[in-house]
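As structure tokens, the structure follows; a few thoughts come after it.
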Amino acid sequence: MHITILVTGATGTVGREVVKQLSMLDGDIRVRAGVHSIIKGENLKRLPGVEIVEMDFEDPSSLHAAFTHVDKVFLLTPFTLDQVQMAKTLIDEARKAGVKHIVKLSVIGADAKPGLQLGQWHHEVEQYIEESGISHTFLRPISFMQNYVNYNAESIKEEGKFYGASGDGKMSLVDARDIAAVAVEVLTGEGHEGKAYDITGPEALSNYEVAQLLSEVTGKQVDYIDLTEAAIKQGMTGTGMPDTMANAMVELYTLQKEGKLTQTTDTVEKLVGRKPHTMRQFLQDHRDCFV
127 MHITILVTGA TGTVGREVVK QLSMLDGDIR VRAGVHSIIK GENLKRLPGV
177 EIVEMDFEDP SSLHAAFTHV DKVFLLTPFT LDQVQMAKTL IDEARKAGVK
227 HIVKLSVIGA DAKPGLQLGQ WHHEVEQYIE ESGISHTFLR PISFMQNYVN
277 YNAESIKEEG KFYGASGDGK MSLVDARDIA AVAVEVLTGE GHEGKAYDIT
327 GPEALSNYEV AQLLSEVTGK QVDYIDLTEA AIKQGMTGTG MPDTMANAMV
377 ELYTLQKEGK LTQTTDTVEK LVGRKPHTMR QFLQDHRDCF V
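Heads up: the sequence shown begins at 127 in the working numbering, then just goes up one per residue.
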């Protein structure tokens, strides 16, 4: 019996890795990669058994088509001001299409009260899924190791520096490949209905410690420059990030600085059967991005 799994946000850091890992499985799994732009999804076409579908929120018929004959959904929405409404729209489509299970990519601390702004956004979506009556699982990862590639690689290459506002506070960042591995297990395995999984890496590190690892892995001096919260926010808004979203990011820096993001979980090992990647492993695998 064929199972069709729709992955929304399929060109993002986690989404494309979920698509990739699902495509590597043997069996009767059909992977539908939902993308905002067909052009951006070109690389996914090379993966076996992957169908690319365009999902345009301005065109409801495209969303309807994307969900047609879908059994399970990996729900991922971009970090935008309208992310909550986007997610609710997708959940409504899933309900209308008779989707049997939703695996939502949330964030660690989404169930905390009052919690961070980022957590509140995700919690609202989690509640909406619960109220929909659709079977579900929530994945709540901490920040991704890939953020060093996505946001810091350019300054590391050009200046040998990267910037933040977390002081010497530590965080147990997780590799997006490990998040995807958990997602694949939940999407294809059994017994995960109604559960929420916190996902972290195996160790808590400060940005100063990551800078030292980067220096060792790249063979060049890399320094972490700690800025004030006001300065880091100005840098974000200067690139066009809305004020509300910049404030949400600054909250994360503050929490890290206060030492409240150091917890580690055994979710990856329990569900995937191996240990999560260390930061050193991640940096070695992505060394070319920094040199």
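For each residue, glycine too, the CB sits at the ideal point set by N, CA and C.
Looking at residue 376 and residue 236, is the spacing between their C-beta atoms short of 9 Å? The count along the sequence shown starts at 1 and reaches residue 236 at position 110. The count along the sequence shown starts at 1 and reaches residue 376 at position 250. No, the Cβ-Cβ distance between residue 236 and residue 376 is not below 9 Å.
Residues bridged to residue 325 by DSSP? Within the sequence shown, the letter at position 199 stands for residue 325. Answer by DSSP bridge pairing, in chain order: 267.
Own chain partners of residue 289 with C-beta closer than 6 Å, once the 5 adjacent residues on each side are dropped: Within the sequence shown, numbered from 1, the residue matching residue 289 stands at position 163. Closer than 6 Å at the Cβ level, and outside the excluded window around residue 289, lie 351 and 353.
Measure the alpha-carbon distance for residue 416 versus residue 385 and round it to whole angstroms. Taking the first residue of the sequence shown as 1, we reach residue 416 at position 290. Taking the first residue of the sequence shown as 1, we reach residue 385 at position 259. Distance between the alpha carbons of residue 416 and residue 385: 27 Å.
Between residue 162 and residue 181, which are expected to be in contact by the criterion C-beta below 8 Å, what is the C-beta distance as a whole number of angstroms? Residue mapping note: residue 162 aligns to position 36 of the sequence shown, counting from 1. Residue mapping note: residue 181 aligns to position 55 of the sequence shown, counting from 1. Right, their Cβ atoms sit about 6 Å apart.
CB-CB length for residue 199 against residue 170, believed under 8 Å: Indexing the sequence shown from 1 puts residue 199 at position 73. Indexing the sequence shown from 1 puts residue 170 at position 44. Actually they do not touch by this definition, with Cβ atoms about 17 Å apart.
Based on the DSSP secondary-structure assignment, which residues constitute the bridge partners of residue 262? Here residue 262 refers to the residue found at position 136 when the sequence shown is read from its first residue. DSSP lists 228 as partners of residue 262.
If you run the structure through DSSP and keep just helix, strand and coil, what is residue 180? Here the question's residue 180 lines up with position 54 in the sequence shown. Strand.
Taking 8 Å as the threshold, find out whether the stretch 213-220 comes into contact with the stretch 245-256 through three or more Cβ pairs. Contact holds: three or more Cβ-Cβ distances are below 8 Å.
Alpha carbon of residue 394 to alpha carbon of residue 223, nearest angstrom: Stepping through the sequence shown from its first residue, residue 394 is reached at position 268. Stepping through the sequence shown from its first residue, residue 223 is reached at position 97. Roughly 31 Å separates the two Cα atoms.
Within the same chain, show all residues whose beta-carbon is closer than 6 Å to that of residue 287, passing over the 5 residues directly before and after it, in chain order. Reading the sequence shown from its first residue, position 161 is the one you call residue 287. The residues are 281, 349 and 351.
Contact belief for residue 403 with residue 324 at Cβ below 8 Å, rounded distance in angstroms: On the sequence shown, residue 403 is found 277 positions in, with the first residue counted as 1. On the sequence shown, residue 324 is found 198 positions in, with the first residue counted as 1. Wrong, their Cβ atoms sit about 17 Å apart, outside the cutoff.
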